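Single-structure report; data block below.
Residue numbers (this note's numbering): -17 to 320.
Listed below in structure tokens is the structure:
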């Protein structure tokens, strides 16, 4: 495997490699698959197209003839043993991400985040212990924190079922790494946005829904006083991080934060969105009770551990990322609205 000499295109390290992407028709998974296929990797994606998740066949339209698409459930042991044989890398991006839905239907969230992860790892244990696994975890595992920025050593106190299940899934990977020798690592992602994100509803994070409202010229409701701080990454930077992580043996068995050098308040974010869109407006509204109870307040990470280990640094400025995102959805609106 060629070494990564620069962060300009880490996908080059995967040229000719066999790579499996679970959740490969979703937002992050499809962007990973497209980048890898473009670099000459032999890509297989698995996705159940569960209606509560973000899978969309149109997401892989640019490379649909270049990759192997398997519509099926990661919890299916026969399917997973079949697709895992011979894979050199696995990007485990399948799962549930809705905090609200996890509180409404906790058992479904448990199935889609924990049982699916164990099914994948067990299949690796039986048919492919040599693959490298990268798991997309979340900053939601931290919950409410005592000080900012948040390092990987902070106490984990998730405030919703999704955070608990993502925390468990993360540790399943690390246990299989230490006990069974299945090389795994976890990246804790922060708010991510860009093309191919689910926009049908507001239950998978605020950014996609805000983008939809801006495209439509509608008013955006920002919960609270707008001062809550977040670090936000554009999808291309997140794909870079995932690919760099998978190609680096020294990171296996580790947990790493992603993040941004310039966290922004929610009001600052939505002002930038309205400005770049040239459309829409916003207002500050009180938190609904169901959202207030699981809101974590201001949150941003210290991602220096990952930066120092890999050289990764977000490159896409917020307004540039918003411009790219808005242009994508304006061109492909019918593929992402109801």
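Don't be surprised by glycine CBs; every beta carbon is placed ideally from N, CA and C. Everything numeric in this text was worked out from a predicted model, so none of it was measured.
Where residue i sits in the DSSP three-state scheme
| i | result |
| --- | --- |
| residue -13 | The predicted model places residue -13 with a pLDDT of 40, which falls under 50 and marks its position as unreliable, so this point remains unresolved. |
| residue 280 | coil |
| residue 321 | Residue 321 lies beyond the stretch modelled for the chain, which goes from -17 to 320, so this question has no answer here. |
| residue 252 | helix |
| residue 230 | coil |
| residue 12 | helix |
| residue 42 | helix |
| residue 2 | strand |
| residue 26 | strand |
| residue 269 | coil |
| residue 134 | coil |
| residue 302 | helix |
| residue 293 | coil |
| residue 104 | helix |
| residue 129 | coil |
| residue 158 | helix |
| residue 50 | strand |
| residue 153 | helix |
| residue 80 | coil |
| residue 114 | strand |
| residue 143 | helix |
| residue 246 | strand |
| residue 71 | strand |
| residue -4 | helix |
| residue 56 | coil |
| residue 309 | helix |
| residue 196 | helix |
| residue 20 | helix |
| residue 184 | coil |
| residue 63 | helix |
| residue 31 | coil |
| residue 87 | coil |
| residue 190 | helix |
| residue 324 | There is no way to answer for residue 324, as the model of the chain reaches only from -17 to 320. |
| residue 287 | helix |
| residue 257 | helix |
| residue 7 | coil |
| residue 163 | coil |
Proximity test, residue i beta-carbon vs the ligand MG heavy atom, cut-off 7 angstroms
| i | result |
| --- | --- |
| residue 4 | Because no ligand of any kind appears in the structure shown, any question about the ligand MG cannot be addressed here. |
Chain C within 8 angstroms of residue i, Cβ atoms only
| i | result |
| --- | --- |
| residue 237 | No chain C is part of this structure, which consists of one protein chain only. |
Bridge partners - residue i, DSSP secondary structure assignment
| i | result |
| --- | --- |
| residue 119 | 170 |
| residue 214 | 173 |
| residue 238 | 169 |
| residue 93 | DSSP, once it has assigned bridges, lists no residue as partnering residue 93. |
| residue 203 | 265 |
Supposed close pair residue i, residue j - CB separation, criterion 8 angstroms
| i | j | result |
| --- | --- | --- |
| residue 78 | residue 111 | Not a contact, Cβ separation roughly 27 angstroms. |
| residue 119 | residue 80 | In fact, because the Cβ distance is near 16 angstroms, the residues do not count as touching under 8 angstroms. |
| residue 280 | residue 156 | Residue 280 to residue 156, Cβ: 28 angstroms. No contact. |
| residue 249 | residue 209 | 7 angstroms |
| residue 1 | residue 69 | 7 angstroms |
| residue 74 | residue 116 | 7 angstroms |
| residue 29 | residue -2 | Contact flag wrong, Cβ pair sits at about 24 angstroms. |
| residue 25 | residue 49 | 4 angstroms |
| residue 102 | residue 56 | 6 angstroms |
| residue 66 | residue 109 | 5 angstroms |
| residue 35 | residue 8 | 6 angstroms |
Cβ pair count under 8 angstroms reaching 3, the stretch 251 to 265 against the stretch 292 to 299: no
Contact between the stretch 203 to 221 and the stretch 236 to 253 (3+ Cβ pairs under 8 angstroms): yes
Stretch pair the stretch 216 to 235 + the stretch 134 to 151: three plus CB contacts closer than 8 angstroms: no
Cβ contact (3+ pairs, closer than 8 angstroms) linking the stretch 27 to 41 and the stretch 177 to 193: Counting Cβ pairs under 8 angstroms, three or more are found: they touch.
Stretch-stretch touch, CB-based, cutoff 8 angstroms, three pairs: the stretch 91 to 105 with the stretch 201 to 210: no
Three CB pairs or more closer than 8 angstroms across the stretch 9 to 19 and the stretch 44 to 54: yes
Three CB pairs or more closer than 8 angstroms across the stretch 140 to 147 and the stretch 186 to 200: no
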